[in-house]
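Using full-length UniProt numbering, read the sequence shown as starting at 1 and increasing by one per residue. Built from N, CA and C at the ideal position, the CB exists for glycine as well. Predicted model, so just to flag it, every value in this text is computed and none were measured.
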Amino acid sequence: MSALPPCPKCNSEFTYEDGSNLICPECAHEWSAQEGAAAAAEGPKVYRDAAGNVLQDGDTVSVIKDLKLKGSGGTVKMGTKVKNIRLVDSDHDIDCKIDGFGAMSLKSEFVKKV
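Below is the structure:
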């Protein structure tokens with residue numbers, strides 16, 4: 001039995017071939033076999049800040065614009081330094097703790113490396 005790649009949308013391991021396409025029975029996502037091979041060959045995701053600098057876990061970054069917080073009604077001001085960031089693979093790329101606000105997630109497009 002050949003090892004088919006997992007679904008790129010839901011990571012289900014129950015994918016199957018239908019002609020030249022691969023199909024996921026759990027989320028009904030379809031993609032070409034060549035597309036799946038190219039995505040697997042890309043390697044790990046590279047996170048970049050607003051200026052294009054590569055970010056790594058433990059870096060210190062600065063917020064480049066005022067960010068309104070949903071729910072609490074506060075605002076993270078431009079220039080706020082955030083130390084010891086952690087990179088995650090989700091919609092918001094950075095998990096961090098900001099003094100006065102606590103733990104939160106930020107998008108890498110709104111920060112620059114210090």
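If you check the CB distance, Val63 and Val54 do not come in under 8 Å. Residue burial annotation: Phe14 is exposed, with fewer than 16 other C-beta atoms found within 10 angstroms of its C-beta.
Taking each of Ile98, Lys9 and Arg48 in turn and checking the Cα distance to Lys81, the smallest one comes out for Ile98. A direct Cα-to-Cα measurement between Pro25 and Asp18 gives close to 12 Å.
Straight through space, the alpha carbons of Asn84 and Val114 are spaced by roughly 12 Å.
Here the C-alpha atom of Leu67 lies approximately 10 Å from the C-alpha atom of Gly73. Taking 8 Å as the upper bound for CB-CB distance, Val111 and Ala50 are in contact here, some 7 Å apart. Here Val88 has Asp95 as same chain residues with Cβ atoms under 6 Å from its own Cβ, once five neighbours each way along the sequence are excluded.
For Ile64, there is no enclosing beta strand (DSSP E), as DSSP marks it with neither H nor E. Between the C-alpha atoms of Gly71 and Asp91 there is a straight-line separation of about 18 Å.
The alpha-carbon of Asp59 is positioned some 19 Å away from that of Lys77.
Where Met104 is concerned, the enclosing beta strand (DSSP E) starts and stops at Gly102 to Leu106.
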